[in-house]
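Asks:
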Amino acid sequence: MQEYENLKTLIAETEADINKAEGGNKAAGTRVRKQMQAIKQAAQAVRSRILEIRSTE
Numbered sequence: 001m002q003e004y005e006n007l008k009t010l011i012a013e014t015e016a017d018i019n020k021a022e023g024g025n026k027a028a029g030t031r032v033r034k035q036m037q038a039i040k041q042a043a044q045a046v047r048s049r050i051l052e053i054r055s056t057e
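Residue numbers (my numbering): 1 to 57.
1. Between the Cα of R31 and those of R49, S48, I11, spot the shortest distance and give me the residue it belongs to.
2. Using the Cα positions of E13 and G23, report the straight-line distance between them to the nearest angstrom.
3. According to the neighbour-count rule (16 or more other Cβ atoms, all chains shown, within 10 Å of its Cβ), is A16 buried or exposed?
4. Anyone know if the C-beta pair for A42 and E3 falls short of 8 Å?
5. For L7 versus I39, is the C-beta distance shorter than 8 Å?
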């Protein structure tokens, strides 16, 4: 499922900035918040796709 693969990619890309943000890097914290919004949207896309698959059965 492409939506799930997209979600996994977004999470993997966020990891480095999360580590930087934990170290006190404020710019990385801003990037993480932006990336988390994209992750939220991707998770919603996965959820919608699962419901679509379920309703076609």
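All C-beta atoms, glycine included, are put in the ideal place defined by N, C-alpha and C.
Nothing here was measured: the structure is a model prediction, and the numbers come from that model.
Replies: On the basis of the coordinates in this document:
1. Checked all of R49, S48, I11; the closest Cα to R31 is I11.
2. Between the C-alpha atoms of E13 and G23 there is a straight-line separation of about 17 Å.
3. Label assigned to A16: exposed.
4. Closer than 8 Å, so yes.
5. Going by C-beta atoms, L7 is nearer than 8 Å to I39.
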